[in-house]
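Add 62 to the 1-based position in the sequence shown for my numbering, that's all there is to it.
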Amino acid sequence: MIYRENNSIRLLSSGQESYEVRWKILSNARSSIHLATFSFMKDKTTRKLFDLLKEKKKSGVDVRIIYDEIVNRTTFVGGWIRELQKEGIEVYGYNSIKDGWFLDFNKKHPFRWLKKIAKRKLKQHFHEKYLIVDNQHLIIGGNNWGDKYAFGGIEPKAWRDTDVYITGETVRDVQLQFLRDCEMQKEWSIQKKKRMYYSDFSQAYLSTYQNDEGVISKYSELFSNIPPVLNLDRKSNISFMAHKPYEENELKLTNYFLNEIINSNSRIYWGCHGIRPPKIFTEHLIAAANRGVKVVLITNSKMSSKTLMAGGLLGWMYKECSKHFKALLENGVEIHEWQKPGAFHSKSLVVDEDMVSIGSYNIASGSAFNHSESNVIVKNKEFCNEVFQQFKVDLKSCVKLDIGKYNFPKENAFERKIQERNDMLSDEVLTESIRHGIQKRNFEESSKDDFFDVWMEY
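In structure tokens form, the structure reads like this:
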């Protein structure tokens with residue numbers, strides 16, 4: 063894990079703040095616009111973005127996009143995306159619904175492979191959200207593209223979300239990761255025509271994917287100079303971490319966050335639109351609370367969750383989250399529910415007095431084991447305090463759950479079997495129960511929750 067010293071960072075604690083910076087740096091783009099997102103909403107904000115991207119492409123700016131293909135079928139922006147491609151913009155749809163549907167009789171149990179492909183289509187998603195302009199400006203956090211994000215802080219039903227604006231050395235790290243992903247998706251678009259499964263492709267491509275020098279050499283004009291620090295008011299140590307469970311067969315952010323919780327001393331404040339922690343997180347959060355660490359989680363209420371996609375999938379989201387509350391509340395973890403009409407979608411984490419992480423990672427199994435995610439980790443006491451103060455502001459719009467009054471559902475998610483992908487966790491973060499479950503291969507079968515889960519990740 064590498065921390066870069068020469069960076070400036072600015073907290074963007076609403077969609078309004080984030081989009082003001084987004085539109086400014088996009089309008090001033092001179093050489094490149096590289097955009098990663100989970101979803102585009104079919105609305106005025108996305109229309110404005112796409113028109114601007116086409117205009118910039120015509121003026122000679124290099125424009126590239128990576129997005130989650132399956133999820134964006136549900137937002138009906140396919141026609142708009144094809145418009146971008148006609149203008150020569152490079153667009154990569156991650157994990158296309160069309161890829162991989164064939165029988166390979168060289169595989170043992172070929173029909174089981176089709177079942178495996180179906181499961182992966184539900185679980186494997188590109189959930190990252192960042193924007194790099196001219197290799198100098200980076201915005202990264204929880205905001206996707208659409209009115210519900212852009213009008214946060216303006217319209218009551220828009221969502222509460224968090225981004226950060228960074229200039230300096232870390233921009234180069236994110237730029238490198240973006241181009242690694244572009245190169246991989248470009249190669250996959252060729253290899254999939256040869257009737258190849260993505261799992262086989264990613265394994266074969268791994269050494270190329272991790273060869274940073276190859277990417278730097280190919281795009282030498284972007285890496286010839288270190289991105290400048292454009293705001294000297296606050297210089298911060300920042301590390302960028304990409305979490306690629308299927309590309310690198312590693313759970314980088316999950317292992318990192320678990321280690322931070324294990325080593326916490328005073329406080330953990332964490333926000334997420336829908337708290338559904340895997341058992342390993344629940345156990346470590348409980349252990350932290352039991353040794354005196356103040357553990358505070360913010361999530362949506364039953365009311366505010368209805369402003370998530372399709373009414374929180376008609377109530378499933380809150381119902382599923384509530385199944386995770388009992389074990390946490392019984393062991394001293396505080397859960398605070400958002401009371402404003404627009405959903406809470408911020409994904410900030412504060413640990414102790416000097417660590418902040420902001421990005422796309424959720425307190426949920428999808429992020430922990432399956433989704434491609436990206437976060438920045440900031441080591442700066444002043445910035446940590448600023449984010450902590452924002453938590454205090456958010457808590458004023460929440461209600462703390464009372465264990466004596468809360469009507470818990472019959473099912474307790476803490477009692478479920480663990481998922482098989484727990485066996486990818488680093489040995490040093492395993493609890494006794496998780497280690498036992500892995501050794502016994504006592505794993506949970508896929509359920510309907512796998513289908514519903516991804517549609518809640520917007």
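For glycine and all other residues, C-beta sits at the position ideal for the given N, C-alpha and C.
State the CB to CB distance for the pair residue i and residue j, rounded to an integer number of angstroms; the pair is presumed to be in contact (CB under 8 Å).
i: Asn437; j: Met303; result: 6 Å
i: Leu359; j: Ile323; result: Not really, about 12 Å apart at Cβ, beyond 8 Å.
i: Gln237; j: Leu284; result: 6 Å
i: Ile87; j: Val233; result: About 11 Å; that fails the 8 Å criterion.
i: Trp207; j: Met103; result: 7 Å
i: Tyr65; j: Asn299; result: 4 Å
i: Val449; j: Asn321; result: Rounded, the Cβ-Cβ distance is 20 Å, inconsistent with contact.
i: Glu231; j: Pro289; result: 7 Å
i: Leu325; j: Val355; result: The sequence as given places Asn at residue 325; Leu does not occur at that position. Rounded, the Cβ-Cβ distance is 10 Å, inconsistent with contact.
Short check: CB of residue i to CB of residue j, under 8 Å?
i: Thr316; j: His335; result: no
i: Lys110; j: Gly150; result: no
i: Ile128; j: Leu115; result: no
i: Phe505; j: Ser384; result: no
i: Arg296; j: Ser495; result: no
i: Gln147; j: Val139; result: no
i: Ala594; j: Ile330; result: Residue coverage of the chain in this structure runs from 63 to 520, which leaves residue 594 outside it and unanswerable.
i: Cys544; j: Val412; result: Outside the shown range of the chain, which is 63 to 520, sits residue 544, and nothing can be said about it.
i: Phe240; j: Phe100; result: no
i: Gly373; j: Gly214; result: no
i: Glu68; j: Val291; result: The question names Glu, yet the displayed sequence has Asn at residue 68. Yes, they are a contact pair.
i: Pro218; j: Gly404; result: yes
i: Ser429; j: Thr224; result: no
i: Phe343; j: Ile425; result: yes
i: Leu313; j: Met63; result: no
i: Lys106; j: Asp209; result: yes
i: Arg222; j: Ser408; result: yes
i: Lys441; j: Asp416; result: yes
i: Asn293; j: Thr229; result: yes
i: Ile480; j: Gly466; result: no
i: Val123; j: Ser93; result: yes
i: Ser427; j: Gln401; result: no
i: Val226; j: Arg72; result: yes
i: Lys177; j: Ile132; result: no
i: Asn432; j: Lys185; result: yes
i: Trp250; j: Tyr259; result: no
i: Phe167; j: Trp142; result: no
Could you tell me which residues DSSP pairs with residue i in its beta bridges?
i: Met303; result: Asn437
i: Tyr156; result: Asp130
i: Glu230; result: Here the sequence assigns Gly to residue 230, which means Glu is not the residue at that position. According to DSSP, Gly230 bridges with Asn69.
i: Lys356; result: Arg329
i: Ser419; result: Leu411, Ile439
i: Tyr192; result: Ala98, Ile202
i: Cys383; result: Answer is none; Cys383 lacks a bridge partner.
i: Val449; result: BP columns for Val449 are empty, so no partner.
i: Asp225; result: Leu74, Gly203
i: Ile548; result: Past the edges of the chain, shown from 63 to 520, lies residue 548, and the structure says nothing about it.
i: Phe536; result: Residue 536 is absent from the structure shown; the chain starts at 63 and stops at 520.
i: Thr361; result: Glu399
i: Val125; result: Ile95
Pick helix, strand or coil for residue i, following the three-state DSSP scheme.
i: Asn136; result: Sequence check: residue 136 is Thr here, not Asn. It is coil, neither helix nor strand.
i: Glu396; result: strand
i: Lys297; result: strand
i: Arg338; result: strand
i: Phe285; result: helix
i: Ser269; result: helix
i: Phe470; result: coil
i: His346; result: helix
i: Ile4; result: The structure shown has nothing for residue 4, since the chain only spans 63 to 520.
i: Asp166; result: coil
i: Asn321; result: helix
i: Val491; result: helix
i: Ala426; result: strand
i: Asn54; result: Because the chain spans 63 through 520 in this model, residue 54 falls outside it and cannot be assessed.
i: Asp243; result: helix
Given the structure, does residue i come close to the ligand ATP, in the sense that its CB is under 7 Å from one of the ligand's heavy atoms?
i: Gly162; result: The ligand ATP is not part of the structure shown, which contains no ligands of any sort.
Worksheet item: Using 8 Å as the Cβ pair cut-off and three pairs as the minimum, do the stretch 389-409 and the stretch 159-178 touch?
Response: no
Fill in: Cβ pair count under 8 Å reaching 3, the stretch 195-206 against the stretch 268-277
no
Practice prompt. Spell out a yes or no on whether the stretch 189-200 and the stretch 424-444 are touching, meaning 3 or more CB-CB pairs, one atom from each, closer than 8 Å.
Written response: yes
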